[in-house]
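Number of protein chains: 2
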Amino acid sequence: MKQILTTLFLITCLTGFSQKSIIGFSPENTEKQLQLEKSFEEKLNATNLDQWMQKMAAEPHWVGTEFGEKNAKWIKSQFESWGYDTKIETYQILFPYPTERVLELTGPTKYTAKLTAVPVEGDPFTAQGDALLPSYNAFSTDGDVEAELVFVNYGIPKDYEELEKLGISVKGKIVIAKYQGSWRGIKPKLAAEKGAIGCIIYSDPEDDGYGQGDVYPKGAYKNKTGVQRGSVMDMPTYPGDVLTPGYAATKDAKRLDRKDAPTITKIPVLPISYEDALPLLSALDGTVAPESWRGGLPITYHIGPGPAKVHLKLAFDWKLVPAHNVIATLKGSEFPDQWVMRGNHHDAWVHGANDPISGMVALMEEARAIGELAKKGQKPKRTLVFCAWDAEEPGLIGSTEWVEDHKKELQEKVVAYINTDGNGRGFLGAGGSHSLQAMVSEVAGSVIDPQTKVSVKERKIASNMVNGGADSFELYALGSGSDYTPFIQHAGIAALNLGFGGENGGGEYHTIYDTYPHYKRFKDPEFAYGVALANTAGLITLRLANADVLPLNFTQWHSTVSNYLTEIINETDNMRKDVLKHNTMVEKNTYQLAADPTKQINSPTKKDRIPYIDFSPLQNELVLLNESITEFEKTNTTSLSSKMRNELNKKLMKAEHMLTSEKGLPRRPWFKHQIYAPGFYTGYGVKTLPGVREAIEQKDWKEAQEQIELLTSTFKSFNTFIKEMNESIK
Amino acid sequence: MKQILTTLFLITCLTGFSQKSIIGFSPENTEKQLQLEKSFEEKLNATNLDQWMQKMAAEPHWVGTEFGEKNAKWIKSQFESWGYDTKIETYQILFPYPTERVLELTGPTKYTAKLTAVPVEGDPFTAQGDALLPSYNAFSTDGDVEAELVFVNYGIPKDYEELEKLGISVKGKIVIAKYQGSWRGIKPKLAAEKGAIGCIIYSDPEDDGYGQGDVYPKGAYKNKTGVQRGSVMDMPTYPGDVLTPGYAATKDAKRLDRKDAPTITKIPVLPISYEDALPLLSALDGTVAPESWRGGLPITYHIGPGPAKVHLKLAFDWKLVPAHNVIATLKGSEFPDQWVMRGNHHDAWVHGANDPISGMVALMEEARAIGELAKKGQKPKRTLVFCAWDAEEPGLIGSTEWVEDHKKELQEKVVAYINTDGNGRGFLGAGGSHSLQAMVSEVAGSVIDPQTKVSVKERKIASNMVNGGADSFELYALGSGSDYTPFIQHAGIAALNLGFGGENGGGEYHTIYDTYPHYKRFKDPEFAYGVALANTAGLITLRLANADVLPLNFTQWHSTVSNYLTEIINETDNMRKDVLKHNTMVEKNTYQLAADPTKQINSPTKKDRIPYIDFSPLQNELVLLNESITEFEKTNTTSLSSKMRNELNKKLMKAEHMLTSEKGLPRRPWFKHQIYAPGFYTGYGVKTLPGVREAIEQKDWKEAQEQIELLTSTFKSFNTFIKEMNESIK
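These protein sequences, in sequence, are chains A and B. Under UniProt numbering, the first sequence has 555 at position 555, and the numbering climbs by one with no breaks. Under UniProt numbering, the second sequence has 214 at position 214, and the numbering climbs by one with no breaks.
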């Protein structure tokens, strides 16, 4: 039987009928699914996205606002009208609103920061005055500090290494860092670790202003008054409500004292515009900043410390506010206890036309189209759960609390979670669990790009190649930064994150300029990519919902994970070579001889040797895993009996969870996944095989060996799991 | 005998007495030479350099000025007082002084460029008003043009490739280009080739202003009013007087009509400050410049064309002026017809404290010390000729006319020419004929760095290593940019160029700010590196003057030249791969799919295949050369009879000339050297094995094969020459 099917499959491929096969579908169900998908696509209507955005982005709607609640209720009513069983699940979360914001240059010259972006012509939304959320960083601690200023570039670890070389300390100082280079929350975290007492973050015009393009309203980019808001909660430790780590922030939940909440910053932090940064940076003197640190302001960038002295005073109201998640369910016709989940947040920092409404309206249009099909009898086999999350912006709070609340049920029932957030014109970016890569790639090959009329996959590959990348479509690995985090990182549920972009540059992110007029002019004027996103995410949802066998591919997973290990091994070897070279140069006094004696620098000292590390347990286990996976992928599982398929699907649903460890990662047990995690010192940026990789990067050799053992045992369990599946389909 | 000497040499090395041997000196003469060098070093006095700089940089002294003539006469009197037979050799050269300079933005807004740098506090030299040379580019043609403006980045070939992709033509437009990225003369040359009718060059503050450091007078860098003067004569075609190509500009020489002079620009060119550039660039619109094009002004850089429209009007007086070269000779005690030459120019654009006086005073101090030694009976064995060139700035004119005038005699008598120009604090940079590398390296190993007290060689290697370079001391290859050019490139005389730098950054180059106060504050405050330069160049001069056997090493030369060939072969292979990849991407429509359809771009078309080229004649000849050279280097030549040594030295003097071809390079027969030349489209930047390399870069495969043949025959003659030497020392 197998033999014949393989031959048939080959013939199908060779004769060009391959477009008629879909991963996970039996030949008899393929045609039916393709018809369904065609009907789905035909129902998608850009006008809906446009109108819904105008409605939901009409006023500011951060968590706790009336307009936010109004949006949640309206979303609920929409889902209900489309036939979904919909509820709002509300959590009481800590959310700080700023009651005082003062930033002054007190010496040697005086300047009081304006801290306010200006309204612009042609965009009435920017003129809503007091209704706009003041610019600040959520989960900055209160503070009132005055000290000399130090410019720290992006304020990331390698910048502090450079400062150390230059003999400059930030102890007792206030640092000013550029946005970018890492997730923003890393900047105050590191600054505090280094002894700073305050932190200012600004958008440098080279990275995010006139250096990128014409500024708003002439162009899309950040004008001199724009300020990026954003959370500085220590999300790499745990996201979600700061007072209820690991459990839901229900009304009566036991809460930490605020002073004990580990994810609130240790020092006050404030984001400012480049107009406000200019007088501060101009007042610095001392060492000229290294060439790569200098930005786009028309000054010579100095590091300080001082003579610039600044006063920073911040206070917040620290209230509990309600976060309203909208949860809409369409019960599956055959497998009601197998859920395919789809989510996007609905809260914004201000109007949030792009972030998050452009993704939200795509999700809603998918739900509407699927709802209509269901009404006509074409119900998905598995249950669909659409979610509109609240309080994503301050720290993925709505989704995290919900996942923590329902963790056990979700781990039992969820097949996969598909996330979107902002969206724009350009190329498909898709990240997530690599067992899903083959399926996503197949879908991307069948969705048509609205501008070029080739598939979005082909267009994405063209972009890769022109930028020197590979001739293939790949998922990126997920770190953090949106609502997939609690699903994949904490609950161990397969997840995807989807969005189009690359031709929609701008500086509106988290500012008062992220409005409907800005979106219409610079992002996706016809909502064509909104429809393309609805189409892509919708097809993925429908395939996961109706597949005869869940479309997971482990060959792909294995090669990706093996590459991660190879990367780590090579990086360790390179560290070793670099340290050897460095130590030789220290011995020979090379650094001092090459340095300018008139400039004070700290001479580098010898570094500890990088030991050889025993990676063989991981390597051996990956070889064994490869054998089991090869065995598994040999079987044409869609041709199994329906009983066997159903049993197999129940197992496949658990595959991602096999890659977690209940112990979690060192120093942050909330993060359970052993393959992907946000970096402890990079924030959103992913670290793959994070336990091993970060131990090596931090040169903790004991921990590295422990993490190798832990990861090996994870691989072992995963192998056992695959072998059991192999037994079950024999 | 040979056997014993080799053994002795080995023992010497192994027992640590190696510092007592010098390349080219017999054991019996080594001690004497080292004593002489010690006496020489002890005579060097920083105070002289300081005082002489104050004297010579007191007023502006470009060619043709009274102060320039006064300097020449004073230099002559100094040399005479030190015992040199000194004369001034004067040529009548064409030198344009600006009579009219107008640059206006005529639309859509109005602005008239100031074209004048401001005097600064603490530097009275900058307040000399009309005595300062107006800022302009010498050998710009006259012109009166008005047209739309186009920003062309650095205005080099790859920038025009980018413009072509973007579908932007400069035909009939005026271009504005940043300084840097190439020698300035390339910018108007290329712009004219592309159809532009005018060219503006400005110093962008990112490259040359506040982006580099604090500006004058707070710091050393270019303030907003500073303008770099400089020649735009087409020197890669031929340097020197534009009206007398290849022969001396004597009073009665036959001169070209100015309209026929090929090295005057085809379109008017004017350099401006970044203060004057800002209104022009701000008035541009259209395509936003690619990221790498954007500079340090606080604007979004647009390419245009227009709507900015500019009017550029330039006129010059086009007079013949006298260029006074000072030639000072100290007759050799044993070999009067073997000349070791040493030169630096004395003319400046304005005061020229750094360029050229800092090098000139080092040369004079060497001459003074050597003169004193000679007076005490320690005369060099070979003749020394010290030269102070005039009219270097407008196009290496003084030295070129002199070399053209005396070419035959020089080719017979000159052992080597050692050039210096500006000098500063930091690391030894040494370029030149690679047969001299071993000797220069040896000298660098014995000159002490004034700041770190290790040898300048050790310090230079430390700098290499910290910047990722090799653990070795190497000569760079000479392109053009100073007075070594006529010697090595035209006459085929071995040459060196020496200078310290790297810790003396600034923006004074060719501006009114290159003054004594600027030099004292930012360049070499104690003239310690001036003395180090005098020491280095002096030892090289004295070793060449007194060596028993001229210190040329061909093993080093061979390995360097072999590397150049390998580079060209690899680059050709890479071009081939790139074209193949490019053509595949064109076929698959990849570029168009990756492009933003809302932006106009010209789709790339397929490129011609890069053929495989037969490099084997060169490779085979290099193998044969290696055999001859190995044979030559086996001999301990210093132990030969004096008759044999004298015969050998007469041959060695001709070695560099064997690397030239009387035919010269394609399209520029003035350039005779087959190993080194300035690039036809890079200006000062060197192209090694230029005939072959540039033919390949220009994809002229027929010419590439011809040049391979020509270079092969040059190698063959060189091999015959080495073999003859081998015969003569048997």
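Where a beta carbon is used, it is the ideal one built from N, C-alpha and C, also for glycine.
With fewer than three CB-CB distances shorter than 8 Å, the segment 159-166 of chain A does not count as touching the segment 130-144 of chain A. For Phe151 of chain A, the enclosing beta strand (DSSP E) begins and ends at 143-151. Listed as beta-bridge partners of Met233 of chain A by DSSP are no residues whatsoever. In the DSSP secondary-structure assignment, His657 of chain B is not bridged to any residue.
Under the Cβ distance rule, Ala594 of chain B counts among the residues neighbouring chain A, one pair being separated by less than 8 Å. Classified as buried, Thr420 of chain A has 16 or more neighbouring CB atoms from the shown chains inside 10 Å of its CB.
The contact set of Leu297 of chain A on chain B, defined by CB atoms closer than 8 Å, consists of Pro298 in chain order. Taking CB atoms only, Pro597 of chain B has a neighbour in chain A less than 8 Å away.
Between Gly530 of chain A and chain B, the shortest Cβ-Cβ separation is not below 8 Å.
Just so you know, the alpha carbons of Glu392 of chain A and Leu281 of chain A end up roughly 33 Å apart. A check of alpha carbon separations from Glu656 of chain B across B:Leu103, B:Ser182, B:Gln674 identifies B:Gln674 as the nearest.
The Cβ-Cβ distance between Thr250 of chain B and Tyr91 of chain B falls below 8 Å. Here Ile493 of chain A is near Gln411 of chain A, since their CB atoms are less than 8 Å apart. For secondary structure counted as the beta strand (DSSP E) over 3 or more consecutive residues, the segment 562-649 of chain B holds no complete run. Below the 7 Å Cβ cutoff, chain B contributes Gly211 as neighbours of Arg294 of chain A, in chain order.
Against chain B, the CB of Glu697 of chain A has no partner CB under 8 Å away; the residue lies outside that interface. A distance below 6 Å between beta-carbons, with the five flanking residues on each side excluded, links Val152 of chain B to the following residues of its chain, in chain order: Asp159, Val175, Ala177.
The shortest C-alpha to C-alpha distance from Glu647 of chain B to any of B:Ile601, B:Lys55, B:Pro604, B:Met725 is the one to B:Met725. Counting only runs that start and end inside the segment 177-207 of chain A, the beta strand (DSSP E) elements of at least 3 residues fall at 198-202.
Contact between Ile200 of chain B and Leu270 of chain B holds, with the beta-carbon distance rounding to 6 Å and staying under 8 Å. Contact residues of the segment 436-466 of chain A toward chain B are Gln451, Thr452, Val454, Glu458, Arg459, Ala462, Ser463, Met465, Val466 (C-beta to C-beta distance below 7 Å). Interface residue (Cβ-Cβ distance to chain B less than 8 Å): Val686 of chain A is not classified as such. Using beta-carbon distances, Glu503 of chain A counts as an interface residue toward chain B, with a partner under 8 Å. In the structure shown, Asp483 of chain A falls within a coil segment according to DSSP collapsed to helix, strand and coil. By DSSP's assignment, Tyr417 of chain A forms a beta bridge with A:Met341, A:Ala495.
Taking a beta-carbon distance threshold of 8 Å, Asp208 of chain A does not count as an interface residue toward chain B.
Close to Thr590 of chain A, with beta-carbon spacing below 7 Å, are these residues of chain B in chain order: Ala462, Met465, Val466. Annotation for His324 of chain B: the continuous beta strand (DSSP E) segment containing it runs 319-330.
In this structure, the straight-line span from the alpha carbon of Asp355 of chain A to that of Ala348 of chain A is close to 7 Å.
Contact between Asn497 of chain A and Gly431 of chain A holds, since their C-beta atoms are separated by about 5 Å, short of 8 Å. Between Ala248 of chain A and Ile93 of chain A, the beta carbon gap of about 10 Å keeps them out of contact (Cβ cut-off 8 Å). Leu384 of chain B places its beta carbon less than 8 Å from that of Leu330 of chain B.
For the segment 183-205 of chain B, residues whose beta-carbon sits nearer than 9 Å to a beta-carbon of chain A comprise Pro205. Restricting attention to B:Tyr84, B:Phe67, B:Val170, the CA atom closest to the CA of Leu133 of chain B is found in B:Phe67. Look at the segment 358-427 of chain A and you find these whole runs of beta strand (DSSP E), each 3 residues long or longer: 382-389, 414-420.
Ser455 of chain A sits in a strand when the DSSP states are folded into three classes.
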